[in-house]
Structures are given as C-alpha cells and as structure tokens.
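A.B. asks: Input: one structure, supplied below.
Numbering (this note's numbering), first residue to last: 2 to 488.
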C-alpha cells in the first residue's frame, strides 16, 4: 500500500490566510522552529513582516497565542487588521469599559479567540490570570521586545516580570520580536524571559532600510533650527514627524513655525489623552500631515507614507534614534531622516540620564514621604510629591522613575493616580541602597548617549555604522547618506 503524502500546511496557510505566495527573510525559519517546539528571538527591519512570525503559528497551534504589546493603539490596530482577515483575535486593555473587559474574560474562559493582545500590566489583574489559567497557552509572543530592556528598568516595571508570567502560563513556546536590539539588549531580553542563547537562538535579518536617506546636519541655536526645519517641511509632500527632547522646545518651535505659515499638529505626554488620540487619528488620516512630537509619539504608528523624520534635538540613544527613523519610508519610497545636531542638546540628554537614575538618597526621601504622609500623597498625587522633592530650588523630574523602582522591588503596591498606593515595606531593599549599582546604571545610559555622538561624528556610511552597532553584518556602503555622497 502506497504511503500517504501529507502536504506541507505552512505554505497553504500563508496563501489562504494571508494572501502571500512566499516568505520574507527569516520568516519561514522562525515559523518552522516555533512549530517544531523551539523558542526564537527575532530582529527584523520595520515593515518586513515580524507579526507574521506569530500570526501564522497561531493558526497552526491548537491553543491560545498571547501577544504582549506595549501600547493600546498598537494592540487595537493589530487586532482590527486580523479581524479584517477573518482571524479570531481580541484585546483586553484599560481603555475598555468594565463591561467589555468582563465579556472579554468570559470569552477567554469559554475557549474563544486564537490570538489575545495584552499589555504586561494586565497580568496584575487576578481576574485575568484566573481566566487565562483555564486555557492552554501554546505561544507567548513579546512584540517590540526591546521595551523589555529599555523600559523595564524604569517606568514599565512589569516588563521585568515576564519570566514569572511565562510560568503562570505553563512556560509556553516563546517568541520575542523587535526591529532594533544590540547584542547587550538581546542578552537582556533572554534574561528577562528566563531563557538563554541555546534555547532561544537569534534570527537576525539586519536593520537594512536602503530607502532611508540618512544625514546629520550641525546647527546652532533655535533660529538656525527653525530655518532648516521650515525648509525641510516645505520640501516634503508626504507626512512628516519632527522629534524633540523637551516639551518647552517643541512648543517654542511650534510658535515659530506657525508664524512662518507652516501648519502642523503637536503631540506630547502632557496633552490630555483625548487630544493625543485625536492628533494620532488625524495624522493617520491625512497623507500630508505634519506633527511636532516628543518620543511619546510613534510606537504603534504604522503609516506607509511618511517621507521625513527630523530630529530637532538629539535623542538619548542610538537605539531610540533607529526606532524613530524606522517609521519613515514604509511605502518603499525614498525618505529623508535628518538629525539636526547641536552640541548644546547633549546637556539635555545628560540631565535626562540623571532623572532616569534616582540616587538611593532620593529614593529614601520619597519612601519617607509615602510612609509618613500617606493621605497627603494620595490627595496631592504627583504634583505634591514633586513639590516636596524640590532640590536646590529646582523641581525634580525623577519621580515617575523612582515610583516604578519602588513598585518593581515590592516596596509599594497600588496606583498613585487611583489613590490606592500604599507602602508595604518600611525600608528600601539592599539593591536600591547600593550607590555603586545606581552609578553603574547611569554610566550605561551615558554610554548610550556617547554611542549616538560617535554616530554623528563617524566617517563611515551611516547605514554601515548602524548595522555594526546592532550586531548585523555591515554590508556595502549605501551610496546615498550624507557621508557617502560627501554632503
């Protein structure tokens, strides 16, 4: 009797569910490793199809695929796109009403959905973890996995609990995906997931974006920045994002550009949530939208027709810069990425490094306020604490980082904005009292800033420099960046 020949289901799923006839880059290798029972860490350029690496396995595996994603807007966009393809995907997040979340939990318990998008903070909710315990989780996918390293140590402490979340789900197959991760960040991703290089091999497709025309332009003072930004914006017929480090610099430049007759929107973290949502929706809808923004804008913005990314102030790291310029040119057309370099801006980022690394003394002062004046802290919130923590006549901007550290290390529980924050440990743990450890973290952050300065001063092709920095084979010079053309 002739043997039955079983057709390979993977190409069939690719055609039927996604409409593609072939894979890109490492997609097929990653998918086959997952379906063969192995974990994977994926570094793949923006727009090259990282999400397919978990979406196709979700259809082939017999349980639930849980996708941990950093932003509500990103989760919603991905869920909507999958539903439009007929896939049973859902999201649970804090923007939903209590009724909608309750319905979502019941659907999970009843065995509905193949893919579920959540933030890491969702695992704090006992009702969610109880519902998830009733399901077989076949695959855990961590999207934008660089956030594990870049955010987990500061204001997103739940990213440091991913190994614990994996254990809650029975240690399922795990996939981590990002467009940018240095070898150091790759190691940190594995560490936070409780895996190692042998069990979670790297699939690195490089950071190649040949259609991005990279340049660094020295400028001095706001007048010169204004003139160059006005020239860039007037010359761009597609959408544009101009990034700033400081809200006050953004607002000042906004007034200048308005006086010059250049219409635009602004986006930063101090705007009301509804206003931020409205700006993002307008940006997505308008093919020629211009927005001046802090780094609060962009993650989760998947718009093909962005022709210009300009940095009016120096970003804090080369990793952040690569993420932000990666939003340009997703339509495959040439796009400009211009870094306006003023050495004075480095002082801003050096101060940010101070704010991101509160000293043991600062943490002790904060803990004393929370412990000795709980009602004042609940009533006055961040504003009262910030006022009390004024040092040398200056307001302190380390507070959010410090609160995150206290929470991550189990010193406090609850939420200040909800009014239920409480101290559960009377003393700082030893690691937070360690001045040497705090200084080492600050030194690493300043080292990242130094890497960016090296990029601005390098005589190498900009693309070759980025490839080498992110641990990819450098390849040939691009022939189009400012170094290559001698601009």
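Here a beta-carbon is modelled for each residue, glycine too, at the ideal position from N, C-alpha and C.
Give me the Cα-Cα distance between residue 12 and residue 435, rounded to the nearest whole angstrom.
C.D. replies: The residue labelled residue 12 in the question sits at position 11 within the chain shown. The residue labelled residue 435 in the question sits at position 434 within the chain shown. Using only the alpha carbons, I get a separation of about 54 Å.
A.B. asks: Using beta-carbon positions only, say whether residue 433 and residue 364 come within less than 8 Å of one another.
C.D. replies: Within the chain shown, residue 433 is the residue found at index 432, counting from 1. Within the chain shown, residue 364 is the residue found at index 363, counting from 1. Result yes, Cβ atoms of residue 433 and residue 364 sit closer than 8 Å.
A.B. asks: Based on the DSSP output, what are the partners of residue 179 in its beta bridges?
C.D. replies: Within the chain shown, numbered from 1, the residue matching residue 179 stands at position 178. Residue 179 is bridged to 44.
A.B. asks: Within 10 Å of its beta-carbon, does residue 121 have 16 or more other beta-carbons around it, so buried, or fewer, so exposed?
C.D. replies: Along the chain shown, one-based indexing puts residue 121 at 120. Residue 121 is buried by the Cβ-count criterion.
A.B. asks: Residue 153 by DSSP, collapsed to three states: which one?
C.D. replies: Working through the chain shown from its first residue, we reach residue 153 at position 152. For residue 153, the predicted structure reports a pLDDT of 46, less than 50, and the residue's modelled location is therefore unreliable. A value from the coordinates is still provided. DSSP places residue 153 in coil when its eight states are reduced to three.
A.B. asks: Identify, in the order they occur along the chain, each residue of the same chain with its Cβ nearer than 6 Å to the Cβ of residue 217, setting aside the five sequence neighbours on each side.
C.D. replies: Position 216 of the chain shown, counted from the first residue, corresponds to residue 217. So the qualifying residues of the chain are 340, 342 and 457.
A.B. asks: Report yes if the CB atom of residue 424 is closer than 8 Å to the CB atom of residue 371, and no otherwise.
C.D. replies: For this step, residue 424 is matched to residue 423 along the chain shown. For this step, residue 371 is matched to residue 370 along the chain shown. Against a cut-off of 8 Å, the Cβ pair of residue 371 and residue 424 comes out as a contact.
A.B. asks: Can you grab the Cα-Cα spacing for the pair residue 208 / residue 148, in whole Å?
C.D. replies: By 1-based counting over the chain shown, the position of residue 208 is 207. By 1-based counting over the chain shown, the position of residue 148 is 147. Approximately 17 Å, taken between the alpha carbons.
A.B. asks: Could you give the first and the last residue of the continuous alpha helix (DSSP H) run that contains residue 405?
C.D. replies: Locating residue 405 in the chain shown gives position 404, counting from the first residue. Looking at the DSSP string, the run of the alpha helix (DSSP H) that includes residue 405 is 400-409.
A.B. asks: Given a cut-off of 8 Å on the beta-carbon distance, is the pair residue 67 and residue 106 in contact?
C.D. replies: Here the question's residue 67 lines up with position 66 in the chain shown. Here the question's residue 106 lines up with position 105 in the chain shown. Result no, Cβ atoms of residue 67 and residue 106 do not sit closer than 8 Å.
A.B. asks: Count Cβ pairs between the segment 322-329 and the segment 303-311 that sit closer than 8 Å; are there 3 or more?
C.D. replies: A contact exists between the segment 322-329 and the segment 303-311.
A.B. asks: Does DSSP classify residue 108 as helix, strand or coil?
C.D. replies: The residue labelled residue 108 in the question sits at position 107 within the chain shown. In this structure, residue 108 counts as helix in the three-state DSSP scheme.
A.B. asks: Around the Cβ of residue 439, are there at least 16 other Cβ atoms within 10 angstroms (buried) or fewer (exposed)?
C.D. replies: Here residue 439 is taken as the residue at index 438 of the chain shown, counted from 1. Answer is buried; the Cβ neighbour count reaches 16.
A.B. asks: Under 8 Å by Cβ, that's how I've got residue 250 and residue 314 pegged, so tell me the actual separation to the nearest angstrom.
C.D. replies: The count along the chain shown starts at 1 and reaches residue 250 at position 249. The count along the chain shown starts at 1 and reaches residue 314 at position 313. Correct: roughly 6 Å between the Cβ atoms.
A.B. asks: Quick one: Cα of residue 520 to Cα of residue 176, how far?
C.D. replies: In the structure as shown, the chain begins at 2 and stops at 488. Residue 520 is therefore absent and cannot be evaluated.
A.B. asks: Does the contact criterion of 3 or more C-beta pairs under 8 Å hold for the segment 41-49 versus the segment 179-199?
C.D. replies: In short, these stretches touch, since the Cβ pair count reaches three.
A.B. asks: Within the chosen definition, does the segment 15-27 reach the segment 96-114 through at least 3 CB pairs nearer than 8 Å?
C.D. replies: The segment 15-27, when compared against the segment 96-114, does not touch it at the 8 Å Cβ threshold.
A.B. asks: What first and last residue would you give for the alpha helix (DSSP H) that runs through residue 308?
C.D. replies: Sequence index remark: in the chain shown, residue 308 carries index 307 (1-based). Run containing residue 308: none in the alpha helix (DSSP H); it sits in the beta strand (DSSP E), 307-312.
A.B. asks: Closest by CA to residue 474, which one among 169, 64 and 206?
C.D. replies: Stepping through the chain shown from its first residue, residue 474 is reached at position 473. When only C-alpha atoms are compared, the closest one is 206.
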